[in-house]
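Numbering (my numbering), first residue to last: 83 to 531. All residues carry an ideal CB built from backbone N, CA and C; glycine is no exception.
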């Protein structure tokens, strides 16, 4: 069992160690008085160390801070850099567009776009693709389309799902299973129950209860929950979701932004899923802002046949910078030369090794913890068995312990995703990197028992 007094004392020592080792980062943070929250984007304040590390440079799966320290990066920009930092083929393609061809954003298509669309079809199955700069926008635009095509007002999601900052997704359920605002939902435009319904992940009975109202345009879901810890689907659950959505005339949107880690075509291809819409973002551009949504052949035909829908000008679907030549060039290079089928095989093998190492530590110390893996992504949880839905996963959180593990690891040169205990493998991550984490993780665990 964790000794809470030892944990508190050890955390205080690690914080002091971190502060002593990072005076430049601390000074930079203190002087950032013109930034809201002292950081470029407020999520960067989600940290266990008191102030953020400031980036100097990054390459592959290695990051250097301005204080001169090197880190094994298992966070990888919370999936945005799953291809590794500045992968050479992506950099080469971006440089060619910037320095040789010119035209960063032009509101004109390039031939690269069709190549990317065809490659996404090969991977995910969706027949017709449109590009954005973020998966949040891709989700928003897909939501507008499915509402227009079904004539229904609501979107159903799973509590504690991750779909970026989409308003409709910020809903959880209370103890009676009824929808309520997700904690921390800032400035909601309307009561979230006016736009959304919620059903727990892995609960087909709750899903059917909500679909039976007849007002759900689409189920928007991750094939596995990822941002509240990895919550994997139970056998038959995803097949049941597809059967129920079809039975109730509801469309199905798979958001693969994080579950892309499951393989070259995400969970959709790995598990043989048949969504009507696929959304993907973050990693597909190798770090250059990129996102996309893909429609099935049937759904695309239905949308294009609706002459009453404004899909060209001000219909709320699309954006000036979306599909720009730079972003599309980055997607082509990343998908074609970096996040290849072969790369995923190696990344998945590293994640398997990571999970096995963590599980061995948990077993040796007889801890009531678990580790879950989704392709190239793995995460340890302070619960055993692993939570089966988002609400259980949220309840299993242990803030003080999580903070301690994060600062302990970073003080020894290893970065995990700051939002939870997720480790992501890049194409360049090695077995030695994984084993290094296992050794430091065991050291951290032993220090608080």
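Asked	Found
What are the start and end residues of the alpha helix (DSSP H) that includes residue 492?	481-492
In angstroms with no decimal places, state the Cα-to-Cα distance between residue 364 and residue 243.	16 Å
How is the alpha helix (DSSP H) around residue 417 delimited, first residue to last?	It is not in any alpha helix (DSSP H) - residue 417 carries neither H nor E in the DSSP assignment.
With distances taken from CA atoms, which of 388, 248, 97 is nearest residue 337?	248
When DSSP builds the beta bridges, which residues end up paired with residue 337?	361
Taking the beta strand (DSSP E) that residue 429 belongs to, which residues open and close that run?	Premise fails: residue 429 lies in the alpha helix (DSSP H), 423-446, not in any beta strand (DSSP E).
Tell me which residues share the same chain as residue 358 and place their Cβ nearer than 6 Å to its Cβ, disregarding the 5 neighbours each side in the sequence.	333, 334, 378, 381
Return the residue from the list 360, 315, 419, 448 that minimises the CA-CA distance to residue 211.	360
Using a Cβ-Cβ cutoff of less than 6 Å, which residues in the same chain neighbour residue 121 once the five nearest sequence positions on both sides are dropped?	127
Since residue 222 is in the beta strand (DSSP E), which residue starts that stretch and which ends it?	That residue, residue 222, is in no beta strand (DSSP E); its alpha helix (DSSP H) goes 217-232.
Straight-line CA distance for residue 131 to residue 186?	37 Å
By Cβ distance, which residues of its chain are closer than 6 Å to residue 322, with the 5 residues on each side in sequence left out?	286
Please find out if some non-hydrogen atom of the ligand HEM comes closer than 6 Å to the beta-carbon of residue 402.	Ligands in the displayed structure: none, and consequently the ligand HEM is not present.
Buried or exposed for residue 91, please, with buried defined as at least 16 other CB atoms from any protein chain shown within 10 angstroms of its CB.	exposed
Once the 5 residues before and after residue 486 are set aside, which same chain residues still bring their CB inside 8 Å of it?	89, 92, 93, 96, 130, 526, 530
Nearest to residue 297 by alpha carbon, out of 278, 305, 307?	278
In the region 248-280, which residue ranges form an unbroken beta strand (DSSP E) of at least 3 residues, counting only runs that do not cross its ends?	253-255, 261-263, 278-280
Can you tell me the Cα-Cα spacing of residue 100 and residue 498, whole angstroms?	15 Å
Could you please give me the residues that DSSP links to residue 460 through a beta bridge?	455, 505
Would you mind reading off the limits of the alpha helix (DSSP H) that contains residue 197?	193-206
Is it right to say residue 183 is buried, meaning 16 or more other beta carbons lie within 10 angstroms of its own, or is it exposed?	exposed
For the beta strand (DSSP E) containing residue 376, name the first residue and the last one.	373-377
Is the beta carbon of residue 399 closer than 7 Å to that of residue 408?	no
What does the Cβ neighbour count give for residue 150, buried or exposed, with the cut at 16 atoms within 10 Å?	exposed
Which residue marks the beginning of the beta strand (DSSP E) containing residue 146, and which one marks its end?	144-147
I'd like the list of long-range same chain contacts for residue 326, defined as Cβ closer than 7 Å, with 5 residues on each side in sequence excluded.	286, 289, 290, 293
Buried or exposed, going by whether 16 or more other CB atoms sit within 10 Å of the CB of residue 276?	exposed
When the Cβ atoms of the region 218-234 are set against those of the region 304-315, are three or more pairs found closer than 8 Å?	no
In terms of alpha-carbon separation, which member of 306, 250, 354, 229 lies closest to residue 299?	229
Who does residue 245 pair with in a DSSP beta bridge?	247
Measuring CA to CA, which of 192, 490, 232 is closest to residue 410?	192
Going by C-alpha distance, which of 156, 112, 200, 153 is nearest residue 413?	200
When you compare only the Cα positions, how much space is there between residue 494 and residue 264?	35 Å
Please report the straight-line C-alpha distance between residue 175 and residue 350, rounded to a whole angstrom.	28 Å
Using beta-carbon positions only, say whether residue 260 and residue 251 come within less than 7 Å of one another.	no
Given a threshold of 16 other Cβ atoms within 10 Å of its Cβ, counted over all protein chains shown, does residue 329 qualify as buried or as exposed?	exposed
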